[in-house]
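Quick note on numbering: the sequence shown equals residues 588 to 632 in the working numbering.
See structure below.
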Amino acid sequence: MLSHHYGNVDAEVVFNICANLIQPVKAAIQVIKDDLEDGKIYKPD
């Protein structure tokens, strides 16, 4: 859809980002959140 509306967007690049990169980033963020909640990472008051 992006490449249809925006001719300079490479659909293959967008697909690769969605298929391969978003989920690992979300998982890493969840680990950081869990560590913060468990007190494993210093969180200033």
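We treat Cβ as the ideally placed atom computed from N, Cα and C, and that holds for glycine.
Small disclaimer: the values here were computed from a predicted structure and weren't measured.
Any idea what DSSP makes of LEU608, helix, strand or coil?
LEU608 falls in the coil class under three-state DSSP.
Quick check: what's the CA-CA separation for LYS627 versus GLN610?
In a straight line, the C-alpha of LYS627 is about 23 Å away from that of GLN610.
Helix, strand or coil for ASP597 per DSSP?
Note: ASP597 maps to coil in three-state DSSP.
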